[in-house]
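Heads up: the structure comes next, in structure tokens.
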Amino acid sequence: MSARRVALALLVLLALEGQGGRGAEGQQVSPGAASAASSVLQRVPEAEAILGPLVESYGVSGMEAPVRETVMRFLPGWAKPETDSAGNLWVRVGEGAPTVVFIAHLDEIGFRITAVGEDGLASLEQEGGFYSSLFEGRPALVHTGSRSVPAVFAPRAPDAEPRHTPPALRLDLGAGSRAAVEALGVRVGNTVTMPKNYQRLAGARATGRSFDDRVGCTALLLALRRLDPKRVHHQVIFVWSVREEIGLEGAEVVAQELGLTVARVHAIDTFVSSDSPLELKTFAFAPLGQGPVARALDNSAITPPTLVDTLRLVTRPRFIPLQIGATNGGNDGSVFAPWGAPDAAVGWPLRYSHSPAEVSDLRDVVSLGDLVQAVAEGW
Amino acid sequence: MKGSSPARLLVGLAAVSITVATAGPLHSQDRRSEALAERMAAMTAVTGYEQAVVDSLLRLLPAARRDRAGNAVITLGTGEPRRLFTCPLDEPGYVVGGIRDDGWLTLRRVGPAPSPLFDQQLEGQRVTVFGIVGPVPGVVAVRSTHLARGRSASDEPFSIDQAYLDLGASSPAEVEKLGVAVLSPVTLAKRPHRYGQELLAAPAAARRGACAALATASLGTPAGIAPGQLVIAFTVESRITRRGILTLGNTLGPFASTVIVDGGDEDLGQLSEAVDTTLPPGRFGRASLWSLPRRYGGSPVETIALQDVANLERRLAQAFVGGR
Numbered sequence: 001m002s003a004r005r006v007a008l009a010l011l012v013l014l015a016l017e018g019q020g021g022r023g024a025e026g027q028q029v030s031p032g033a034a035s036a037a038s039s040v041l042q043r044v045p046e047a048e049a050i051l052g053p054l055v056e057s058y059g060v061s062g063m064e065a066p067v068r069e070t071v072m073r074f075l076p077g078w079a080k081p082e083t084d085s086a087g088n089l090w091v092r093v094g095e096g097a098p099t100v101v102f103i104a105h106l107d108e109i110g111f112r113i114t115a116v117g118e119d120g121l122a123s124l125e126q127e128g129g130f131y132s133s134l135f136e137g138r139p140a141l142v143h144t145g146s147r148s149v150p151a152v153f154a155p156r157a158p159d160a161e162p163r164h165t166p167p168a169l170r171l172d173l174g175a176g177s178r179a180a181v182e183a184l185g186v187r188v189g190n191t192v193t194m195p196k197n198y199q200r201l202a203g204a205r206a207t208g209r210s211f212d213d214r215v216g217c218t219a220l221l222l223a224l225r226r227l228d229p230k231r232v233h234h235q236v237i238f239v240w241s242v243r244e245e246i247g248l249e250g251a252e253v254v255a256q257e258l259g260l261t262v263a264r265v266h267a268i269d270t271f272v273s274s275d276s277p278l279e280l281k282t283f284a285f286a287p288l289g290q291g292p293v294a295r296a297l298d299n300s301a302i303t304p305p306t307l308v309d310t311l312r313l314v315t316r317p318r319f320i321p322l323q324i325g326a327t328n329g330g331n332d333g334s335v336f337a338p339w340g341a342p343d344a345a346v347g348w349p350l351r352y353s354h355s356p357a358e359v360s361d362l363r364d365v366v367s368l369g370d371l372v373q374a375v376a377e378g379w
Numbered sequence: 380m381k382g383s384s385p386a387r388l389l390v391g392l393a394a395v396s397i398t399v400a401t402a403g404p405l406h407s408q409d410r411r412s413e414a415l416a417e418r419m420a421a422m423t424a425v426t427g428y429e430q431a432v433v434d435s436l437l438r439l440l441p442a443a444r445r446d447r448a449g450n451a452v453i454t455l456g457t458g459e460p461r462r463l464f465t466c467p468l469d470e471p472g473y474v475v476g477g478i479r480d481d482g483w484l485t486l487r488r489v490g491p492a493p494s495p496l497f498d499q500q501l502e503g504q505r506v507t508v509f510g511i512v513g514p515v516p517g518v519v520a521v522r523s524t525h526l527a528r529g530r531s532a533s534d535e536p537f538s539i540d541q542a543y544l545d546l547g548a549s550s551p552a553e554v555e556k557l558g559v560a561v562l563s564p565v566t567l568a569k570r571p572h573r574y575g576q577e578l579l580a581a582p583a584a585a586r587r588g589a590c591a592a593l594a595t596a597s598l599g600t601p602a603g604i605a606p607g608q609l610v611i612a613f614t615v616e617s618r619i620t621r622r623g624i625l626t627l628g629n630t631l632g633p634f635a636s637t638v639i640v641d642g643g644d645e646d647l648g649q650l651s652e653a654v655d656t657t658l659p660p661g662r663f664g665r666a667s668l669w670s671l672p673r674r675y676g677g678s679p680v681e682t683i684a685l686q687d688v689a690n691l692e693r694r695l696a697q698a699f700v701g702g703r
């Protein structure tokens, strides 16, 4: 969209403001918006059918294969997926300039085994940033590549200092010796997680570990499944990336591969929301259930204001709710900066990030898929 | 995590301890106690709110009845001596303390915290609320890691006053629709976890394993118990009031001997016996505690060996017929 068209469209948008809102509190909701909201609710089961299996796939950074396989299971028949040398999964749609990239990450936080002691207890290092206290004294799974071996994250000794942060966590496989651990097929380098499952909560809410960024992965799939490739008049590349949690490493490979050819990138990743009684509301307040969020400012990227405005223009005619905010964290789109590609990151509001209890609203997941489709087709 | 057994906090034990070494693989007949231990470890019985578990026991044990305290009790034989074998059913937990206008719930712990880090076990975890129409899943809020960056943070343990329970509801009306109200019991969501060599991890796994051993032992008793009366009881409120066991003493006692089976902090594979000096004299006779050993006691992965459950069952069955 040219700058002139953007300016014109903004004028139209401003004129329309006040003639029916986005459904926010106290505002009148237009018939179109009400119908769109109803459609979103009806499509929640479709989103759950994809999100559930993705959440229940395990993929600590560097070991994303099970998640990648689940993504491939939900691709539309016409898609021709490719996996690059780093493990990123690509699907290209349309041809010609401008090239636009959507990128969501496959990996999740977890641990990696660094050593196994004579007593059979394994030492761990964290993959990604999170409170280790949330894993202390919990069931565990070691992912050997061929199977998952059950274990527990040993709690600290009863006489240890009662601080919030535990000492370095160790893993107990119930084996009793290093030899017995090895007999289970467990090796240094294996990744470790907590068992997890997808759980629906009241209303349209759901919980599960690794919603960050399986919701983003789901949104890309929802968009692709609804997308008519013939309606895409330029090249759009959908990427499910690896190793985001440990430094945006997979995205770096994609950015280097595409270099100066990328006109714009959209990281589709969590908007960590302060919508919780425990959080300061000084920023990042995006209530659950009120739609995707333009992640206009975080610790890694700034979306040019004109792109935020254009995002509003693209979503409005389709009655896709959009919140705009600033939060913390980094996103995959930021590594395209050296090639001059702006990053218009979009997320959805998430509570309790990087915990076993992440909570989202499924209406936001559906709307995020709609937003990705709208941007791919109309921008 | 601090690992003192809840029972041990209440039941001061004399220092006399007899250790009984146990070993050997699980036999097919042991699978009954193993399966029941796993099943019972998935159950919830917050102190004072045990009746759902008592209902399950009454269905499992046709000879059992509910007494005036809410205990499940089996009485076999008549006359003297009267012997009591009992296990406590309850566990530390919470109830809904309040419902906020925005739909979040606050919590009230039932009784004192068993350890300084007990409340922290809730932070950022899945929980179950037992509402009037059934179990309702929820999570306890935790600060988002990302939003804590650059902000000073205390290293004090998480406390119950920071526990906001999220059911996905946005208003008190939505909470009410779920059948959840003030005083609905709340515990960590339970998914017993098998690992290693026949190990089972779950909150309060040892206590539940001990009760499973007592229940399965009781299923084989009618044929030949020792002379006198044998009372087998699964008791409520071992914490705070001890209403369950004290009522037994006053309704079916005085007993010549009492055996409490419960979890203990011995090494796995070591069933132990100790003298109990906390029960009131005169009603319970010679009182002892038989412990099912546990690892990581009081934590969400309290671990027991299923072989120990089977061995405890055998030992109880022998005692019922008068052997040791």
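In order, the protein sequences belong to chains Z and D.
Using this note's numbering, the letters of the first sequence map in sequence onto residues 1 to 379.
Using this note's numbering, the letters of the second sequence map in sequence onto residues 380 to 703.
Every residue, glycine too, gets a C-beta built ideally from N, C-alpha and C.
Out of Z:Ser132, Z:Asn197 and Z:Leu362, the CA that lies nearest to the CA of Arg170 (chain Z) is found in Z:Ser132. Counting only runs of 4+ residues, the alpha helix (DSSP H) found wholly inside the stretch 396-473 of chain D occupies 410-420 and 430-439, in chain order. Identification of chain D residues near His143 (chain Z) by a Cβ-Cβ cut-off of 9 Å yields none; the smallest Cβ-Cβ distance measures about 14 Å. Judged by DSSP secondary structure, Glu252 (chain Z) falls within the alpha helix (DSSP H) whose first and last residues are Glu249 to Leu258.
At least one CB of chain D lies nearer than 8 Å to the CB of Gln199 (chain Z).
With contacts defined as CB atoms closer than 8 Å, Arg178 (chain Z) and Pro166 (chain Z) fail to qualify as a contacting pair. From the beta-carbon of Glu95 (chain Z), no residue of chain D is found nearer than 8 Å; the closest lies around 38 Å away.
Annotation for Val262 (chain Z): the continuous beta strand (DSSP E) segment containing it runs Val262 to Ala267.
Assignment of His105 (chain Z) by DSSP, reduced to helix, strand and coil, places it in the strand class. Runs of the alpha helix (DSSP H) spanning 4 or more residues and lying entirely within the stretch 203-256 of chain Z occur at 211-226, in chain order. Chain-ordered, the chain D residues with CB closer than 8 Å to the CB of Val359 (chain Z) read Val518, Asp545 and Gly547.
Note on geometry: alpha-carbon atoms of Pro321 (chain Z) and Thr315 (chain Z) lie some 7 Å from one another. Chain D has no Cβ within less than 8 Å of the Cβ of Phe211 (chain Z). Burial check for Lys80 (chain Z): the Cβ neighbour count within 10 Å stays below 16, so the residue is exposed.
At a cut-off of 8 Å between beta-carbon atoms, Arg445 (chain D) makes no contact with chain Z. Between the C-alpha atoms of Gly87 (chain Z) and Leu695 (chain D) there is a straight-line separation of about 57 Å. Counting along the chain, Thr614 (chain D) sits inside the beta strand (DSSP E) bounded by residues Gln608 to Thr614. In the structure shown, the three-state DSSP call for Pro582 (chain D) is coil.
For the stretch 560-581 of chain D, the set of residues with a beta-carbon nearer than 8 Å to any beta-carbon of chain Z comprises Arg570, His572, Arg573, Tyr574, Gly575, Gln576, Leu578 and Ala580, in chain order. Here the alpha carbons of Ala223 (chain Z) and Ser39 (chain Z) stand approximately 15 Å from one another. Among the residues facing chain D, Glu182 (chain Z) is not included, as its CB has no counterpart in that chain under 8 Å away. For the stretch 348-372 of chain Z, the beta-carbon criterion of a distance under 9 Å to any beta-carbon of chain D is satisfied by Leu350, Arg351, Tyr352, Ser353, His354, Ser355, Pro356, Ala357, Glu358, Val359 and Asp361. Secondary-structure assignment with DSSP links Ile478 (chain D) through a beta bridge to D:Leu484. Pairwise C-beta distances place the stretch 269-282 of chain Z in contact with the stretch 212-232 of chain Z, as three or more of them are shorter than 8 Å. Interface with chain Z (8 Å Cβ-Cβ cutoff): Pro471 (chain D) is excluded. The DSSP-derived three-state label of His525 (chain D) is helix.
With fewer than three CB-CB distances shorter than 8 Å, the stretch 545-552 of chain D does not count as touching the stretch 494-501 of chain D. If you check the CB distance, Leu248 (chain Z) and Asp332 (chain Z) come in under 8 Å. The beta carbon of Pro571 (chain D) sits closer than 8 Å to the beta carbons of Glu417, Ala420, Ala421, Leu579, Ala580, Ala581 and Ala584 from its chain, once the five residues preceding and following it are set aside; these are given in chain order.
At a beta-carbon threshold of 7 Å, the residues of chain Z lying near Asp534 (chain D) are Arg163, His164 and Thr165, ordered along the chain. In the DSSP assignment, Arg316 (chain Z) falls outside any beta strand (DSSP E), carrying neither H nor E. In the structure shown, Arg138 (chain Z) falls within a coil segment according to DSSP collapsed to helix, strand and coil. Contact note: Gly77 (chain Z) does not reach chain D at a C-beta cutoff of 8 Å; the least C-beta distance is about 35 Å.
For the C-beta of Asn328 (chain Z), the chain D residues within less than 7 Å are, from N- to C-terminus, His525, Leu526 and Arg528.
The DSSP-derived three-state label of Ser550 (chain D) is coil. Rounded to the nearest angstrom, the Cβ distance from Gly128 (chain Z) to Ile109 (chain Z) is 3 Å, consistent with a contact under 8 Å.
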